[in-house]
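Visitor: Below: one structure in C-alpha cells.
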Amino acid sequence: MSKLHEALSSLSPTDWDSVPHDDALPQFLKQTFSQAELICNSIPPPPGGSDFLSSAPNPSAGNASSAAEIIHSDARAASPDPDHASLQKAWGKPLKIAAKDNPLGITMYKMAGHDRHGAWFARRSVHEGLGFTKWKRAMQKEFGQSLAVNGGPGEGSVRGIGADRLLEREVVEGVGSLEVYQLSAQFPGPVAPREFITCLMTTDTGLSEKSAARGEVASDSKVVPRHWMVVSVPIDHPEAPARQGLVRGHYESVEMIREIPLSPSKSKSTPNLHDTNGNTERGRSRGSTIGYAESRGGSAKGERIDNPGLAADELETNPVEWIMVTRSDPGGGIPRFMVERGTPASITTDAAKFLDWATTIEYTSDTCDDSQASKEGVSEQQSPDQQVTRISTEYSAAAGNGHLAGVSPQGTRSESTFEPSIASHTGVIASLTSVVQSGIESYAPMVVQNSLPEFMHPSSRRGYDSDTSSSDDSFESFDDALDFATAYEGPRSPDPLASESDISLFPDGSSDVTRKGLNRQGTDSSQHVRYEKELAKLSARRKILDERMEKVREDEARRTKELSKKGEKDAEKTKEKIEKEKKKHEGRYEKELKKLEQKREKEAKRLEDRQRKSRDKDQLSRVTRERNEYRRQVEILRRENELLHLQLGDSQNQNTLLVQKLGKTGGGNDILNAVREETRSARNRASSVDTKASRMSGESVVRSSKLGQEMKD
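Its first residue numbered 1, the sequence shown is counted upward by one per residue in the numbering used here.
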C-alpha cells in the first residue's frame with residue numbers, strides 16, 4: 001500500500017520554481033505519468049462484466065446525442081501488471097450512492113489519506129455511445145470552452161470549474177505537455193467564489209507495458225490501447241497572486257480515458273484455419289474497394305470503404321473506460337466532513353454534465369486548432385520563434401474536475417483575432433480610398449456601386465465580376481432600363497437635410513474623374529439625374545442612421561448609468577443584508593451564550609446542593625454514632641449502679657450484725673465509736689468524689705439532649 005500512497009503524494013501542491021524546465025522536463029513528465037498509471041491501475045474494475053477478448057460491441061449503442069443515450073458496457077479492460085493489481089484491495093468496497101445523484105451508474109470508491117489532508121475518491125466505468133476520438137477532443141476542448149468566454153468566476157464552464165488564464169505552456173514531443181491554468185468556480189449561496197492554480201500535464205503516451213493488452217493467442221505481442229491522461233497538481237505561480245474576493249483552493253486529480261479494443265467480427269465464410277503445410281503466415285490484405293456510396297460523396301449512405309484492417313468507424317464503436325482519482329480542498333471555513341460527504345454525488349453529477357456537453361458539440365477538422373489560448377503577456381516577453389516552440393498544433397487538453405467541484409474579478413480571456421488574407425495598401429491616398437470604399441459599400445446600393453469609377457473597385461472584386469456576367473452587359477441592361485423608365489427631370493437641388501459632409505462625398509478634385517467615369521458609362525442625362533437622386537437618398541439614409549446611432553449611444557450611456565446606480569443600490573442592499581445577518585448571528589450568539597451561562601449556574605447550584613446534602617448526611621451519621629455510643633455507656637453505668645446498690649445493701653446488713661455483736665461484748669462501744677469516726681471521715685472524702693462525678697455526668701446529659709434536639713431539627 002505504501003507504493004500507492006507514495007504515488008498519490010506526487011500530486012501534492014508544489015511551486016513553479018520547483019518544476020524542472022528545459023532538459024529535465026521530459027524526465028519529470030515521464031515520472032509523473034508513471035505514477036499516474038499506477039494510481040489508475042490501482043482502482044478496482046466495475047463489478048461484473050466480461051473480458052474484452054470475449055466481448056462484442058453493443059448493437060444498440062449508436063452515436064449518442066446526450067448522456068442518457070450512453071450505455072454501460074460489459075467489456076472490461078485487460079488486467080494490469082500484478083504489482084498494480086495487488087493495490088486494488090486498498091480501495092475497499094464501492095460506495096452506495098442514490099440513483100438520482102448517479103444517473104450514469106458509475107462505481108465510486110473512497111480511501112483514507114495517509115498525509116492528514118483528507119480522503120481520496122475514485123471512479124471507474126466503461127461506456128459505449130461516444131467514440132474515443134470524440135471523447136478525447138471533448139476533454140481537450142473543455143477548458144477552451146470557458147477560456148473564450150468573458151464573464152464571472154466559472155463562466156462558460158462545463159463541470160463548474162472554468163479557465164480564466166493560461167499562464168504557462170510547454171510541449172515535449174513524444175512525451176506530453178505541461179500547462180498552468182488560473183481557474184475559478186462560483187459556488188451557490190453565500191459561499192464566496194473559489195480560484196485554483198493548477199499545473200495540468202497531459203499525454204497520450206503515458207501508459208507502459210504494465211497496462212498493455214495481449215491478443216487471443218498467447219504468442220501475440222502486447223499492445224498499449226489508445227488513451228488520454230490528464231494529471232492536475234496544485235501549484236503556486238508568481239504571475240497568479242491571490243485575487244480579491246476569491247478564496248484560494250486546491251484540488252489534485254488524475255483522469256484518464258482508455259479505449260477497450262474489441263476483436264472484429266470474423267467472416268463465417270472464411271474460417272481461420274492453417275494450411276496443410278502448417279504455414280501460419282498471413283496472406284495479402286484485401287485492396288481498397290470503394291462502394292457505391294463513396295462514389296456519390298462522403299455524406300451518402302450505403303456501402304463503406306473496405307479498408308484493410310479495422311475501419312475507423314469500427315474503431316469508434318469500441319467501449320471507452322473512464323477513470324478518475326481526485327481529492328479537493330475548497331479552502332475557507334468549509335469543514336472537511338461536509339466536503340467529503342458531498343464529493344461522491346458531485347463527481348457523478350459532473351460526469352453526466354460532461355457527457356451531455358460532449359455529445360452535443362460539433363467536431364470539425366479544426367476542432368483542436370480553433371481555440372489556441374495565448375498566455376497573457378507572453379507575446380510581449382518572448383520572440384515569435386519562442387512562442388511557436390511553446391504552442392502545439394493540437395489544442396491543449398484540460399480535463400477539469402467539477403466536484404471541486406471545481407470560484408471574482410473577471411479574468412483575462414482569449415479573444416479571437418481576424419487577419420485579412422490580402423495585404424492592405426499603404427500611404428495616405430490608399431487609406432482615404434479604403435475609407436470611401438467602405439462607406440460606399442456600407443450605404444450605397446449596388447446600382448450606385450456599379451456606376452463608380454474603376455479605381456474605386458479593389459482587385460478582389462474583379463474575380464467575383466468575372467464569374468458573373470460581363471460588366472458591359474450589366475451596363476447595357478442598366479442603360480436600357482434608364483431609357484425606358486426615366487425621363488429628364490432637370491438639374492437637382494441639393495437636399496436640405498443632407499449635411500455638408502454627406503453632399504461632398506467626393507472631393508472637388510475627384511469630381512472630374514467621377515464625371516469622366518460616368519461619361520464612359522453613358523452620357524445620357526437621365527442616368528446623371530438617377531445618380532444624383534441615389535446620392536441624395538444615400539445622404540438622407542446616412543443622416544437617419546447617424547441619428548439612430550447617436551440615439552443608441554445615448555440609450556447605452558443612460559443604461560450604463562442606470563446599471564451603475566442599480567449596482568450601487570444593490571451593493572447598499574447587500575451591505576444592509578449583511579448587517580442584518582450579522583446582527584441576527586450576534587443575537588443568536590448572545591442568546592446561546594446566555595443559555596450556557598444559565599445552564600452553568602444551574603449546574604453549579606446543583607453541585608452545591610449535592611455537597612450540602614452530603615455534608616448533612618455525614619453529620620447525621622456522626623451524631624447517630626455518638627448517640628449510640630452514649631447509650632451503651634449509660635447502659636453500662638446503670639448496671640454498675642445496680643451492682644453497687646446490691647453491694648451496699650449487703651454491707652449495711654453486715655454492718656448491722658457487727659454493731660449488734662460488738663455492743664454485747666465488753667468495750668464494744670469504744671470500738672464502735674472509733675469505727676464511726678473513721679466512717680464519717682471516709683464519707684466526707686467520698687462525697688467530694690461523688691460531687692465531681694455527678695458534675696461530669698450532668699455535662700454528658702446536657703450534651704446528649706443537644707444532640708437529640710439537632711436530630712429532631
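Cβ atoms here follow ideal geometry from the backbone N, Cα and C, with glycine treated the same way.
Determine the closest residue to Leu53 out of Leu657, Ala75 and Glu37, with distance taken between C-alpha atoms.
Guide: Ala75
Visitor: Assuming the contact rule is C-beta atoms closer than 8 angstroms, Ala119 and Glu340 should be a hit. Round their C-beta distance to whole Å, please.
Guide: So it is a contact: roughly 6 angstroms between Cβ atoms.
Visitor: To which residues does DSSP link Glu168 through a beta bridge?
Guide: Glu168 is bridged to Val180.
Visitor: For the beta strand (DSSP E) containing Ile715, name the first residue and the last one.
Guide: Since the first residue shown for the chain is 1 and the last is 713, residue 715 is missing from the structure and cannot be characterised.
Visitor: Using the three-state DSSP reduction, which class does Thr468 fall into: helix, strand or coil?
Guide: Per-residue confidence for Thr468 stands at a pLDDT of 39, beneath the threshold of 50, marking its modelled position as unreliable; no derived number is given.
Visitor: CA-CA distance, Thr715 and Ala557?
Guide: Nothing in the structure corresponds to residue 715, since the chain is present only between 1 and 713.
Visitor: Strictly by DSSP, which residues pair up with Ile785?
Guide: Nothing about residue 785 can be reported from this structure: the residues present for the chain run from 1 to 713 only.
Visitor: Go ahead and label His250 buried or exposed: buried means 16 or more other beta carbons lie within 10 angstroms of its beta carbon, across all protein chains shown.
Guide: Buried, by the Cβ-count rule.
Visitor: What distance in whole Å lies between the Cβ atoms of Lys222 and Leu87, which are believed to be in contact at a cut-off of 8 angstroms?
Guide: At roughly 20 angstroms, the Cβ-Cβ gap does not stay under 8 angstroms, so Leu87 and Lys222 are not in contact.
Visitor: Got a sec? Which residues, its chain only, sit under 8 angstroms from Ser79 by beta carbon, not counting five neighbours each side?
Guide: Ala85
Visitor: With which residues is Pro234 paired in a DSSP beta bridge?
Guide: Thr198
Visitor: Hey, out of Gly174, Glu209, Arg226 and Gly162, whose CA is closest to Phe196's CA?
Guide: Gly162
Visitor: Beta strand (DSSP E) containing Trp16: first to last residue?
Guide: Taken as a continuous stretch (DSSP letters only), Trp16 belongs to no beta strand (DSSP E), as it is neither H nor E.
Visitor: For Phe132 versus Glu259, is the C-beta distance shorter than 7 angstroms?
Guide: Cβ atoms of Phe132 and Glu259: closer than 7 angstroms.
Visitor: With 7 angstroms as the threshold, decide whether the Cβ of Pro190 is near any Cβ in chain D.
Guide: Going by chain labels, chain D is absent from the structure shown, which holds only one protein chain.
Visitor: Taking all protein chains shown into account, do 16 or more other C-beta atoms lie within 10 angstroms of the C-beta of Asn641, making it buried, or fewer, making it exposed?
Guide: exposed
Visitor: If you measure from the CB of Ala122, is any heavy atom of the ligand ADP nearer than 6 angstroms?
Guide: As presented, the structure is devoid of all ligands, the ligand ADP included, so that no description of it is given.
Visitor: Check whether the Cβ atoms of Leu95 and Pro335 lie closer than 7 angstroms to each other.
Guide: no
Visitor: Report back the beta-carbon spacing between Glu321 and Ile257 to the nearest angstrom; my notes put them in contact at under 8 angstroms.
Guide: 7 angstroms
Visitor: DSSP state of Glu725, grouped into three classes?
Guide: Because the chain spans 1 through 713 in this model, residue 725 falls outside it and cannot be assessed.
Visitor: Express the C-alpha separation of Lys136 and Glu168 in angstroms, rounding to a whole number.
Guide: 22 angstroms
Visitor: Relative to the C-alpha of Ser65, which candidate in Glu586, Gly129 and Ser688 has its C-alpha closest?
Guide: Of the candidates Glu586, Gly129 and Ser688, the one whose C-alpha sits nearest the C-alpha of Ser65 is Gly129.
Visitor: Nearest to Ala192 by CA position, among Arg248, Phe33, Ala686 and Ile97, is which residue?
Guide: Arg248
Visitor: If you drop the 5 nearest sequence neighbours on each side, which residues of the same chain put their C-beta closer than 6 angstroms to that of Glu239?
Guide: Leu167
Visitor: Within a Cβ cutoff of 6 angstroms, which residues of the same chain sit near His237, ignoring the five residues on either side of it in sequence?
Guide: Trp16, Leu167, Val180 and Ile197
Visitor: For Ser157, tell me which candidate among Gly342, Val172, Leu183 and Glu173 has the shortest Cα-Cα distance.
Guide: Leu183
Visitor: How should Arg194 be labelled, buried or exposed, when 16 other C-beta atoms within 10 angstroms of its C-beta is the threshold for buried?
Guide: buried
Visitor: Hey, would you say Ser73 sits closer than 7 angstroms to Pro319, going by beta carbons?
Guide: yes
Visitor: Do you know offhand how far Gly105's Cα is from Pro45's?
Guide: 13 angstroms
Visitor: Quick one: grab the DSSP three-state call for Arg124.
Guide: strand
Visitor: DSSP three-state label for Gly162, please.
Guide: strand
Visitor: Would Glu37 pass as a contact of Leu178 if the rule is Cβ separation under 7 angstroms?
Guide: no
Visitor: In angstroms, rounded to a whole number, what distance separates the CA positions of Arg625 and Gln660?
Guide: 53 angstroms
Visitor: Taking the alpha-carbon of Gln227 as reference, which of Val233, Met139 and Asp164 has the nearest alpha-carbon?
Guide: As written in the sequence, residue 227 is His, which differs from the Gln given in the question. For the residues Val233, Met139 and Asp164, the minimum Cα distance to His227 belongs to Met139.
Visitor: So what's Arg627 in DSSP terms, helix, strand or just coil?
Guide: The three-state secondary structure of Arg627, taken from DSSP, is helix.
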